Amino acid sequence: MADINNKVAENVEGLFYVDDQCIACQRCIDEAPENFRMNENFSHSYVYKQPENDTEKKHCEYAMESCPAEAIGNDG
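If you read the sequence shown in the numbering used here, its first letter stands for residue 1123, the second for the next number, and so on.
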């Protein structure tokens, strides 16, 4: 389970975040490309835009549920 105390620095403020357990598999980017990106050295992903509508929120929730490292969290 993602730990809010270990969020990666690149996350934008909001409900969803990626923590330091990310294994850079890119699954979240595949599931929610409007909201997740890979960092510059490709060591982890991060939330670059919080969901702005129900569709984006649904995609972020699916990314969180399918994350093999359980590195995506939701503050909500």
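Cβ atoms here follow ideal geometry from the backbone N, Cα and C, with glycine treated the same way.
Bear in mind the structure is a predicted one, so any value in this text is a computation, not a measurement.
- Closest option to Cys1182, judged by alpha-carbon separation, among Cys1150, Asn1133, Lys1129: Cys1150.
- About 6 Å separates the Cβ atoms of Val1134 and Lys1171, confirming a contact at the 8 Å cut-off.
- With at least 16 other beta carbons inside 10 angstroms of its own, Phe1158 counts as buried.
- As the crow flies, the alpha-carbon of Val1130 is around 20 Å from that of Tyr1184.
- Residues Val1130, Cys1144, Ala1146 of the same chain have their beta carbon placed closer than 6 Å to that of His1166, with the five preceding and five following residues left out of the count.
- CA-CA distance, Leu1137 to Lys1179, rounds to 10 Å.
- Taking Glu1156 as reference, the option from Gln1148, Asp1125, Pro1173, Ala1191 with the minimal CA-CA separation is Pro1173.
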